[in-house]
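Everything in the sequence shown is counted per the working numbering, starting at 76 for the first residue and increasing by one.
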Amino acid sequence: MRRTRRTAAYAVIVENDRILLPRFREPGGTGVWIMPGGGVEHGEDPYDAVVRELSEETGYDVEVTALLGVVSRRFPAPRRGLRLPSDHHGLALIYEAKVTGGELRSEQDGSTDLAAWHDLDALPDLPTGDMVARSVRLWRERPATGHFD
């Protein structure tokens with residue numbers, strides 16, 4: 076099985092007990108709310124990547140205020156254009172950030188179609204990717220190692 080790896084950077088942004096989330100467009104579906112952020116390009120610093128991704132997906136300028144931790148996941152993943160799945164290893168750096176400027180808007184021609192603020196208490200009722208729960212847990216608990224067992 077082919078092995079792949081992706082490094083990504085995401086940010087938890089909470090204001091007044093509301094969290095900022097973009098919605099990932101699923102073909103033929105209603106979409107899933109995900110953490111804002113995305114892939115780190117070759118040679119790009121993850122800090123710069125999360126600032127860039129937040130601007131692209133939400134329209135906001137942000138300031139990174141903390142590194143909350145790292146989420147490491149390994150799973151079989153389908154490959155675009157290939158018939159066989161890959162043994163995928165995803166590394167996600169989870170930051171905390173705050174909005175410093177810009178205006179909320181949806182991404183243009185990207186993987187998300189809407190960005191919105193949601194009450195933290197409403198998260199269990201939203202269709203979300205598993206990275207949302209992991210990121211919010213890092214934000215709430217702030218483990219010294221930045222890692223959960």
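All C-beta atoms, glycine included, are put in the ideal place defined by N, C-alpha and C.
Of the residues the options, the one placed nearest residue i, counting alpha carbons only
i, options, result
"Gly112", "Phe223, Pro160, Tyr135 and Glu101", "Tyr135"
"Ile94", "Gln183, Leu179, Met76 and Ala124", "Leu179"
"Arg98", "Met110, Val89 and Glu90", "Met110"
"Thr175", "Val89, Arg81 and Thr79", "Val89"
"Asp224", "His163, Glu132, His193 and Val145", "Val145"
"Gly133", "Glu119, Glu216, Gly204 and Gly177", "A quick correction: the sequence has Thr, not Gly, at residue 133. Looking at the Cα atoms, Gly177 is the closest of the given residues."
"Ala141", "Tyr122, Leu166 and Thr79", "Tyr122"
"Ala208", "Met76, Arg81, Gly118 and Ala86", "Ala86"
"Gly114", "Ser181, Arg212, Trp214 and Ala167", "Ala167"
"Ala197", "Ala152, Asp92, Glu216 and Arg81", "Asp92"
"Arg100", "Gly221, Glu216, Trp214 and Glu182", "Glu182"
DSSP state of residue i mapped onto helix, strand, coil
i, result
"Glu182", "coil"
"Glu119", "coil"
"Arg127", "helix"
"Pro151", "strand"
"Asp224", "coil"
Interface flag, residue i vs chain D, CB-CB below 9 Å
i, result
"Asp162", "Judged by its chain identifiers, the structure shown contains no chain D, having just a single protein chain."
Bridge partner(s) assigned by DSSP for residue i
i, result
"Leu142", "Tyr170"
"Phe99", "Val107 and Thr187"
"Glu90", "Arg93"
"Gly176", "Asp136"
"Asp194", "Arg93"
Pair within 9 Å by beta-carbon distance, residue i and residue j
i, j, result
"Ala219", "Leu96", "no"
"Ser130", "Ile169", "no"
"Pro199", "Trp108", "no"
"Ala83", "Gly185", "no"
"Gly204", "Leu143", "no"
"Val126", "Glu171", "no"
"Arg78", "Ser161", "yes"
"Pro151", "Met76", "yes"
"Leu189", "Gly118", "no"
Endpoints, the alpha helix (DSSP H) within which residue i is located
i, result
"Asp205", "Asp205 to Glu216"
Beta strand (DSSP E) segment containing residue i, residue limits
i, result
"Thr113", "What sits at residue 113 in the sequence shown is Gly, not Thr. Taken as a continuous stretch (DSSP letters only), the beta strand (DSSP E) holding Gly113 covers Gly112 to Gly114."
"Thr255", "Residue coverage of the chain in this structure runs from 76 to 224, which leaves residue 255 outside it and unanswerable."
heavy atom of the ligand NAD below 8 Å from residue i C-beta
i, result
"Arg93", "Only the bare structure without any ligand can be found here, which leaves the ligand NAD out of the picture."
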